[in-house]
Structures are given as C-alpha cells and as structure tokens.
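Encoded as structure tokens, the structure appears first; notes follow it.
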Ligand SMILES: NC(=O)c1ccc[n+]([C@@H]2O[C@H](COP(=O)([O-])OP(=O)(O)OC[C@H]3O[C@@H](n4cnc5c(N)ncnc54)[C@H](O)[C@@H]3O)[C@@H](O)[C@H]2O)c1
C-alpha cells in the first residue's frame, strides 16, 4: 500500500477528480481528509472510502475562506499530529470571452483556483516544515500552459498555480517538502457540463487517444506523486492529456 498511514488532505473531494483521488488514496491506505464546499457530497465520498477499511473524515471547507481552511487544518493536526499530503484540487470555471467576462466571473475563478491553493498550502506548511517532510500537489490544467478560448480567468489561475508550484518547490525542497502540479487535458467530470456536446465531441477527435480522460487516470498520478516512489520528483508539471497538445 503506497500511502499507508499518510495523512492526506484533498480539497474539492466531493465529486470528479477529487472524489476519484479520495477513493484511490483510501485504496492505498492513506488517512483521507476529504474537504469540499458541498458537505453532503464529501460525506458520501468518505462513507465509500471507509469501506476500504481506511480512516476518512469529511470537512465542509470553502477554500476561499481562510478561517475555514485553518480550522480544518487545526483539527487534523489535533487528531493525527501530522499532515503528509495536500492535494489542492478544488476548482471552478466561469467562462466568457475577454470582452464579455464580468469582474465577478474573473474574481470567482481567481479566488477558488488560485487564492484557495495559496490558503491551503500556507495553512499546512509550518506543520510540514516541523515534520521535515510533506507533499503539496496542485491542480493546474493544460489550459494553464496553452490558454483556451473563453477562459481568461481560468488560464490565469492555472498558470499561476504552476508559478506557485515552481516557487514552493524551490523554497520548500531544502526542508524535505516536494511540490508538484498536474495539468490534465479534458477529463470526463461535471466541470465539463457547461461545454456543448458538439464541442466536446470535436475536442475528443483532436485527442490522439480519441477519448476524454477518466478522473481515475488523474487520481493515479496524484497517488504516484504523493507516494515515496516519486521521491525525486519536485517542481514538475505532469501533463495528462491523451496527447491533446502534440
Ligand atoms: N475535468 C477536467 O477536464 C479538468 C482539466 C484540467 C484541470 N482540472 C482541474 O481539476 C480540478 C478538479 O476538477 P473536476 O473536473 O473534478 O471538477 P468538478 O467540478 O467535478 O469538481 C470540483 C469540486 O470542487 C468543489 N469546489 C468548488 N468550489 C469550491 C470551494 N470554494 N471550496 C472547496 N471546494 C470547492 C466542488 O463542490 C466540486 O466537488 C479543478 O481544479 C479543475 O480545474 C479539471
């Protein structure tokens, strides 16, 4: 079991990639701390995780609210005395072309996808430094590398997450903490529900593997990066796109 005994916080774990990551981490025997703004969904995820025999807890956490993040981290430290892994997965889209994008759409996406990552990382970093070990994993996107039509806010946030990853890997590497990002292509989760079906089908045709990715295929990457098998991987941005960007 690759994550045996590791205490792992996953944000946005109520559905999609976050839920798949919680299930994968539970199979690998991590202690799963599943957080989401939607408590009911994350409570269901935790119920399923516990069926693997591993410990799991659900927390209602809005990553844009620093006090909620701090409270969750304090409770985890109280209970387990350590935090080994954080997967900064929570994310949203609010798409519009540059001329049409409202300030609200811009701010909402930056708040969750960029500021939220900063909140959670900053909340755990002292504990990780004290332990002399830890792994921080950040959800970027292929859109953060190449941009995408209608996604000014999302592209900026996901590019910013890569900046966080490279900066923190330099700052924290000497303290035994690895920081990496995952940049998925188009993965079949509810986040794609706002994209019209014909556009989705066109996108799939552009992927050399001719299909969308599955949330489990991203969860597998997080599990590898969280594990000691990735002990020399630091400051990396792992693209998982089915070859979309070739
Ligand atoms: N699905 C894709 O194609 C794709 C591609 C590249 C990157 N990503 C990134 O992967 C991550 C997960 O995406 P997904 O497709 O599983 O999305 P999703 O919409 O299926 O799930 C996102 C989860 O985040 C939660 N969430 C939203 N706002 C939150 C907040 N303020 N605080 C805490 N939780 C919050 C939601 O309730 C939901 O459970 C996101 O960061 C996304 O940007 C997804």
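In the numbering used here, the protein residues as written are 34 to 279.
All C-beta atoms in this analysis are idealised placements derived from N, C-alpha and C, irrespective of residue type, glycine included.
Just so you know, these numbers come straight off a predicted model, no measurement behind them.
Q | Selection from 173, 148, 197, 64 that minimises the alpha carbon distance to residue 188 | A | Comparing alpha carbon positions, the residue from 173, 148, 197, 64 closest to residue 188 is 173.
Q | Whole-angstrom C-beta distance between residue 51 and residue 116, which should lie under 8 Å | A | The Cβ separation is near 17 Å, so there is no contact.
Q: Inspect the beta-carbon positions of residue 256 and residue 58 and report whether they are closer than 9 Å.
A: Against a cut-off of 9 Å, the Cβ pair of residue 58 and residue 256 comes out as a contact.
Q: Tell me whether residue 90 counts as near ligand 1, meaning its Cβ is closer than 8 Å to at least one heavy atom of that ligand.
A: Within 8 Å of the C-beta of residue 90 there is not a single heavy atom belonging to ligand 1.
Q.
Which same chain residues end up closer than 6 Å to residue 193 when comparing Cβ atoms and leaving out the 5 residues on each side of it in sequence?
A. Answer for residue 193: 147, listed in chain order.
Q) How about the stretch 222 to 231 and the stretch 261 to 278: do they share at least three Cβ pairs that are nearer than 8 Å? A) Output reads no: the stretch 261 to 278 does not touch the stretch 222 to 231.
(Q) Given 8 Å as the limit, tell me if residue 82 has its C-beta closer than that to any heavy atom belonging to ligand 1. (A) Checking the Cβ of residue 82 against ligand 1 gives no.
Q | residue 99: first and last residue of the uninterrupted alpha helix (DSSP H) it sits in | A | Residues 99 to 113.
Q: Using only the heavy atoms of ligand 1, determine whether one of them is closer than 8 Å to the beta carbon of residue 224.
A: Checking the 8 Å criterion, the Cβ of residue 224 is within range of a heavy atom belonging to ligand 1.
Q. According to the Cβ coordinates, are residue 175 and residue 278 closer than 9 Å?
A. At a Cβ-Cβ threshold of 9 Å, residue 175 and residue 278 count as neighbours.
Q: With a threshold of 8 Å, establish whether the CB of residue 76 neighbours any heavy atom of ligand 1.
A: Flag unset: Cβ of residue 76 not near ligand 1.
(Q) Taking the straight line between their C-alpha atoms, what separation do you get for residue 134 and residue 114? (A) Their Cα atoms are separated by approximately 44 Å.
Q. Relative to the alpha-carbon of residue 126, which residue among 120, 75, 142 has its alpha-carbon at the smallest distance?
A. Comparing Cα-Cα distances from residue 126 to each of 120, 75, 142, the minimum goes to 142.
**Q.** Chain-order list of residues whose beta-carbon lies under 8 Å from that of residue 74 (same chain, five-residue window excluded)
**A.** These residues qualify, in order along the chain: 47, 48, 52.
Q: Report buried or exposed for residue 262, applying the criterion of at least 16 other Cβ atoms within 10 angstroms of its Cβ.
A: Counting Cβ neighbours within 10 Å, residue 262 comes out exposed, since fewer than 16 surround it.
Q. How big is the Cα-Cα spacing for residue 37 and residue 88?
A. Approximately 11 Å between the Cα atoms of the pair.
Q | Residue burial classification, residue 196 (beta-carbon count within 10 angstroms, cutoff 16) | A | Sixteen is the threshold: since fewer than 16 other Cβ atoms of the shown chains lie within 10 Å of the Cβ of residue 196, the residue is exposed.
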